[in-house]
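Student:
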Amino acid sequence: MSVTRDTPLLARYAESLFWMARYLERVENTARLLDVTQTFETPGREDESWFALVRINADEACFAERGLRPGADAVKRFYLLDRANPTSIPASLDAARTNARTLRPLISTEMWMQLNVFHRDMIAIAPDALQGDRLSRLCRLLKEGVQTHTGITDGTLFRDQGWFFYQLGRLIERADQTTRLLDIRYHLLVPAAGEERRIAELTQWGAVLRGAAGYHAFRRVARPGFTPADVVAFLLADTAFPRSVLLCVEQMEWLVGQLRGRYGLRGTVPALERIEELRAALLGRQVEEIIAQGLHQFLDGVQRDLILLASEIGTAFFRDWRPLANRTVATSADNQSQST
Amino acid sequence: MTLNETDPFDAYDAGGFFCELTSPGRGDDGTAATLRSRIATIGLDALRARAAAAETELIDLGITFTVYSEATAIDRILPFDCIPRLVTATEWRKLEAGVRQRVSALNAFLHDIYHAAHIVNDGTVPAELVFGNANFRPEMRDFPVRFGTYVHICGIDIVRDSTGAFLVLEDNARTPSGVSYVVENRHLMSRTFPDLMAGMRLRPVDDYGRRLLGAMVEIAPDAVADPQVVLLSPGIYNSAYFEHVFLAREMGVPLVEGADLEVDDDHVWMRTTAGRRPVHTIYRRISDDFLDPKVFRADSLLGVPGLIGAWRRGNVTLANAVGTGVADDKAVYAYMPRIIRYYLGEDPILANVETHMCRESEALAYTLSRLEHLVVKPVGESGGYGITIGPRATRAQLEMARAALQADPSNWISQPVVSLSVAPTLTEQGIRARHLDLRPFAVTGRDTWVLPGGLSRVALKEGSLVVNSSQGGGSKDTWVLDEVQSVVGTDATP
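In the order they appear, the protein sequences are chains U and W. For the first sequence, this note's numbering begins at 33 and goes up steadily by one. For the second sequence, this note's numbering begins at 772 and goes up steadily by one.
(1) For Ser48/U, I'd like the list of residues in its chain whose CB is within less than 6 Å of its CB, leaving aside the five on either flank, ordered along the chain.
(2) Name the chain W residues whose beta carbon is nearer than 7 Å to that of Thr62/U?
(3) At 3 residues or longer, what runs of the beta strand (DSSP E) sit wholly inside the stretch 918-997 of chain W?
(4) Determine the burial state of Trp286/U: buried for a count of at least 16 other Cβ atoms within 10 Å of its Cβ, exposed for fewer.
(5) Tell me the DSSP secondary structure of Ser1185/W in three-state form.
(6) For His1127/W, does the three-state DSSP call read helix, strand or coil?
(7) Is there at least one Cβ from chain W nearer than 7 Å to Pro2/U's Cβ?
(8) So which of Ser1227/W, Thr1219/W, Gly1094/W, Val1237/W has the shortest CA-CA distance to Gly1351/W?
(9) Check the Cβ of Leu1026/W against every Cβ in chain U and list those closer than 7 Å, keeping chain order.
(10) Roughly how many angstroms separate the alpha carbons of Phe780/W and Gln1242/W, rounded to a whole number?
(11) Out of curiosity, what's the CA-to-CA distance linking Leu338/U and Thr300/U?
(12) Is the separation between the beta-carbon of Val1097/W and that of Phe851/W shorter than 7 Å?
(13) Any beta carbon from chain W within less than 7 Å of Leu267/U's own beta carbon?
(14) How would you call Leu315/U, buried or exposed, if buried means at least 16 neighbouring beta carbons within 10 angstroms?
(15) In chain W, what lies closer than 7 Å to Thr134/U by C-beta?
(16) Rounded to a whole number of angstroms, what is the C-alpha to C-alpha distance between Ile139/U and Ala272/U?
(17) At the 7 Å Cβ level, is Thr1044/W part of the contact set with chain U, yes or no?
(18) Use the C-beta contact count for Thr363/U: other C-beta atoms within 10 angstroms, 16 or more gives buried, fewer gives exposed.
(19) Could you pull the DSSP bridge partners for Met1041/W from this structure?
(20) For Tyr295/U, return the contacting residues in chain W, with the cut-off set at a CB-CB distance below 9 Å.
(21) If we count the other Cβ atoms within 10 Å of its Cβ and call it buried at 16 or more, is Thr1044/W buried or exposed?
(22) Report yes or no: do the stretch 1203-1221 of chain W and the stretch 1158-1176 of chain W share at least 3 C-beta pairs separated by less than 8 Å?
(23) Give a yes or no on whether 7 Å exceeds the smallest Cβ distance from Val149/U to chain W.
(24) Name the chain U residues that come within less than 8 Å of Asp831/W, Cβ to Cβ?
(25) Can you tell me whether Tyr1106/W is buried or exposed? The criterion is at least 16 other CB atoms within 10 Å of its CB, across all chains shown.
(26) Identify the contact partners of Met1041/W in chain U, using a Cβ-Cβ distance below 8 Å as the criterion.
(27) How many Å lie between Thr347/U and Phe1067/W at the Cα?
(28) Take every Cβ of the stretch 153-163 of chain U, pair it with every Cβ of the stretch 103-120 of chain U, and state whether three or more of those distances are shorter than 8 Å.
(29) Relative to the C-alpha of Leu173/U, which residue among Met154/U, Leu189/U, Val68/U, Asp165/U is closest?
(30) Taking contact to mean at least 3 C-beta pairs separated by less than 8 Å, is the stretch 1173-1183 of chain W in contact with the stretch 909-926 of chain W?
(31) For Val1027/W and Val1001/W, which I take to be in contact (beta-carbon distance under 8 Å), what is that distance rounded to the nearest angstrom?
(32) Is Val950/W close to chain U? Criterion is C-beta to C-beta, closer than 7 Å.
(33) Does DSSP put Val896/W in a helix, in a strand, or in coil?
(34) Ends of the alpha helix (DSSP H) at Ser875/W?
(35) Only counting the same chain, and skipping five residues up and downstream in sequence, which positions put a Cβ closer than 8 Å to that of Gly786/W?
(36) Name the two residues that bound the continuous beta strand (DSSP E) containing Tyr839/W.
Here you go:
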């Protein structure tokens, strides 16, 4: 018994669903990064700690263009108040809302209403909400706003093929953000050497795990005398942790497979090949080997693969029908891009 | 109502105008009195608090239109007045029949002028008003439309004079908007004022989407078994975007933009994730000029190149048809009573406002001599722009109007000032009389269906006669009472 007909999905809707999910996932993760950075502030080296955030987002040029000098205040404002900065939280919220506006015929009223109100509240963040202990509270509100969106979406978004594009967007972004969270550790300064260094390192790895909401799960599954390599392996390749890159990649594979099998979409092969490559990169080597050869370079490689994957999906389902040059009507889609 | 609170209607004065709640002789069965006493029971403070909550909800829901200025885009709500406007069953019978008649006449007129043009050839309507009209589309000549329906969606602006007589102010036969507010206002009322509505037998408004889709399916090209209907919108930056979303959702069809469509071999396709899919009926919310850059404005980025060709080949249906603007023109309006008699052999059920066409020298002389008593309107404008209301105008404004009239008389019509009816409206001062109009919506495929009620627009400024949303108008929920009002009676006094 079913009233459901196989309804076609406009390519533009698929694209908007993908990007709405991505931008919101980005908001949540940027809030996580800000929160972690606050905990990381090395006494006496606060400016460097905060500037690490700019580096992992590859925002140095954009930051410098504004005449900003590395420092806690400047970085916080850059990501929390500056709507003109395309990687800021308000800019992501603007883009998410614009996509949601495009999707209003498709998404639930509850999804739209929550996002509309969340956007309105958060683009009006007051500068004093960035200070002291209030920053952490603000980050919590941002995370909760996105999580509320996620819950409403889970409970109300119709699960036709649009849902699969939505999930693909958020998983690609989530995997990308986990690599950035890991990367932040790479840029951090640690005290000189010895026992002091070891403890400082452990504290920082603990904070990275907390930033990804994985601290307790990690403690449950980790060996008693765990090393930093175990944390890296957990965030990159655990098969049960929701923010692990591998778990995201495996879910993407399932989603693309469903689009192919259940909805008969053609053009999934290049995307599936990219996913295969990502998996091979994550599982092909021992984590110690990755670290020895340079974690930062490895993470860069994963980020590039994710960009390629997103572009394969775009080419197959969003963009092949119209050359970019012919996109004469200004739409938000034109401005949608990776943060790198 | 507590003892120390006064009846908020004590200070209400309709000021000699016809009142949609308090004037007698409307075939009302006591509902008006019940409504009035329920409002009094709620009391002014609670009314205000709930009205504010209702407006917040509209903002949160994004039931808004966008106002663009140089650099900013602001989402505004259509202000919502929580005191509903009543239409009795007797009144609605007349309105509905009048709207049907008007739509039939508009379609017959369009069919005629795009075919043999009898009405022009025998001199009933001047040729230049039709063929010289900027909205006349020669491309439409001899083009067959299904069921002879050109105007599938029609919104007719109706006012009431001081005697309570209904008068048609304007026919909107292109892409009339506002129906989303009719339905959303009802939903909002039932959430915020369930106690006002309890037990009232109101004609429902929820059927609009189903009826509209039904008509869109009916008019699809002949050979198509399961036609694909789409709504064509200029996109998210259009001020009426919410309404487009509403209509697409209510019909359950994709909301497309021009770039989502392509024409190949005179067939229309939409671009989906699974490649292109055929499209058969397009409810377009884009004006004629922008539909097809190959035929109309070449600089249009909103339309679809080749669309008109596909339409002429009968492979896709457009609603409304191209070229309907010639029928809702303000100069043609003046001929509507004659047009109705000409095609239908009936007297108009709804009268026109007396109209002087300044293109005729007598009418021009009359208008110029009584400028301070008349409303002067440009023929081609909509949205309440370019209007001079004589009794309200300054000397300078009157002189400007006089100069404009003399420069190009045929661009102008004049009408007496209609003493628009009023309805109780919640204001800062309390419940006060404000002028309003009514725009019923008619959907026509094979037959015509009229949505019970319509959009009641209210001029929120004291004394103002301009109800347009762009100029400070708001809206009310419009309650059409069912034929049998057996349930309500009068509420017992608590």
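The beta-carbon is built from N, C-alpha and C at its ideal position, and this holds for glycine as well. Every value quoted in this text rests on a predicted model; they were computed, and no experiment measured them.
Tutor: Reading from the atomic positions:
(1) Asn131, Thr134, Leu135
(2) Going along chain W, no residue has its Cβ under 7 Å from Thr62/U, so there is no contact; the nearest lies around 25 Å.
(3) 924-931, 937-943
(4) exposed
(5) strand
(6) strand
(7) Here chain U comprises residues numbered 33 to 372, so residue 2/U is not present and cannot be evaluated.
(8) What the structure shows of chain W is the stretch from 772 to 1265, and residue 1351/W is not part of that stretch, so it cannot be assessed.
(9) Pro137
(10) 27 Å
(11) 15 Å
(12) no
(13) no
(14) exposed
(15) Ile1007
(16) 29 Å
(17) yes
(18) Residue placement at Thr363/U cannot be trusted, given a pLDDT of 37 that sits under 50; what the coordinates show is reported in the next sentence. So Thr363/U ends up on the buried side.
(19) Leu1032/W, Arg1048/W
(20) Thr1044, Ala1045
(21) buried
(22) no
(23) yes
(24) Met145, Asn148, Val149
(25) buried
(26) Pro40, Leu42
(27) 32 Å
(28) yes
(29) Met154/U
(30) no
(31) 5 Å
(32) no
(33) coil
(34) 860-884
(35) Val1193, Ala1204
(36) 835-839
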